[in-house]
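Numbering (this note's numbering), first residue to last: 3 to 401.
Quick look at the structure:
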């Protein structure tokens, strides 16, 4: 078996699949909105950086942010469920396959790390004396080490050991980045390199007599695919998507607010789908939290209103995938209700969610002291949500 050829074939197939879905994802008005949002955010970010005092704790902020990006270092192997049967006898011949998976993962993750470094560049150039290029080389070295240790951690069968290893790497990455940004002495840096060498030798010896963790690698690859499929499912139907339900019993009280009547069947169905199926509820919470972070750091009052509208658009556009969630379920078609009621239930639920999110944004602006802009944000957000759902997305659904 030529494992090099096998890896090349799977990489080509993976790239073809990615390009096929990207054609649907990077079209319409989304790119236009993203460009406007990124441009406005970059201008406001630059102005915010200009107002920072010299004693701003950039070393601590950089250590926290970069430690997380460095520690998250999975190796993409492109392994499939059938491989545990058909490739298990050829495990010793897969060394070139694993090597190519490692270098591919390093290149992709180094590119993401470079984007994070570019985003942090205004802060770094203003508050640090360390050369940005030297700092980038240091981060690349740390990413390679984290990827190597992360690969060796997959050989451990105990979940607690893997969690402990990840926590140690996050802490160690933060310490290294902090001391590099504070221009610590060369002797101390050499001691950190010695610790990294000792850890590397330990993990190599611990994994030396172990076979490939096939089930864990296949599950890890499956999770990576599902993350991309969930993102692509926002824009088009993805037949490979496997939906998982989460109980979330503590949210069942919200469903009691919907009256138990026949005409409310779709309303109850999509409300329960939002709370339990896929990642809709988690996506809603994450976007709301990220929006509050940007609302806090953006200095201009009108900039905060634009930010709230941008995240309302992102939430509404991504949660619109609810309209396609039950498309392939035959039992939904047996409901003695018209398609118009189904559409009304989805749009009404999304409108209520956006109004709740908009009200939370306005309340957050009040908490941080922007009283007048909170009222403007509340009115503008309500009008924008109505236009987004009942005009723009409704016409998109009709097409």
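A virtual CB, placed ideally from N, CA and C, is assigned to each residue, including glycine.
Could you check what DSSP says for residue i in three-state terms: helix, strand or coil?
i, result
"residue 163", "helix"
"residue 302", "coil"
"residue 279", "strand"
"residue 370", "coil"
"residue 53", "coil"
"residue 95", "helix"
"residue 313", "helix"
"residue 358", "helix"
"residue 132", "coil"
"residue 263", "coil"
"residue 156", "coil"
"residue 325", "helix"
"residue 212", "coil"
"residue 337", "coil"
"residue 185", "coil"
Would you kindly report the start and end of the unbroken alpha helix (DSSP H) that includes residue i?
i, result
"residue 85", "85-88"
"residue 204", "188-209"
"residue 66", "60-73"
"residue 80", "First-last for residue 80: undefined, no H or E at that position."
"residue 5", "5-27"
Am I right that residue i and residue j are in contact with their C-beta atoms under 8 Å? What's the rounded C-beta distance?
i, j, result
"residue 355", "residue 270", "No, residue 355 and residue 270 are not in contact; Cβ-Cβ is about 15 Å, not under 8 Å."
"residue 363", "residue 316", "In fact, because the Cβ distance is near 13 Å, the residues do not count as touching under 8 Å."
"residue 224", "residue 78", "No, residue 224 and residue 78 are not in contact; Cβ-Cβ is about 12 Å, not under 8 Å."
"residue 204", "residue 62", "No, residue 204 and residue 62 are not in contact; Cβ-Cβ is about 29 Å, not under 8 Å."
"residue 60", "residue 183", "7 Å"
"residue 134", "residue 127", "7 Å"
"residue 379", "residue 310", "5 Å"
"residue 98", "residue 5", "5 Å"
"residue 234", "residue 23", "4 Å"
Less than 6 Å between C-beta atoms, sequence neighbours within five positions excluded: which residues of the same chain meet that for residue i?
i, result
"residue 175", "69, 72 and 73"
"residue 395", "322"
"residue 343", "268"
"residue 86", "216"
"residue 167", "155"
"residue 229", "none"
"residue 3", "92 and 95"
Enumerate in chain order the residues of its own chain whose CB-to-CB distance from residue i is below 7 Å, with the five nearest sequence positions on each side excluded.
i, result
"residue 93", "213 and 214"
"residue 146", "108"
"residue 357", "384 and 387"
"residue 298", "370"
"residue 172", "69, 70 and 73"
"residue 281", "232"
"residue 367", "297, 306, 375, 376 and 379"
"residue 194", "178"
Does any C-beta atom of chain D lie closer than 8 Å to the C-beta of residue i?
i, result
"residue 83", "You won't find chain D in this structure, because it holds only one protein chain."
Residues in the same chain with beta-carbon distance under 8 Å from residue i, minus the five sequence neighbours each way, listed in chain order, please.
i, result
"residue 49", "301 and 302"
"residue 124", "47, 48 and 51"
"residue 324", "272, 275, 276, 282, 348, 351 and 352"
"residue 148", "72, 73, 75, 171 and 175"
"residue 202", "147, 150 and 151"
"residue 103", "9, 77, 78, 79 and 80"
"residue 404", "There is simply no residue 404 to check, as the chain begins at 3 and stops at 401 in what is shown."
"residue 220", "81, 82, 83, 85 and 86"
"residue 137", "119, 126, 130, 182 and 183"
"residue 67", "118 and 122"
"residue 391", "318, 349, 352, 353 and 356"
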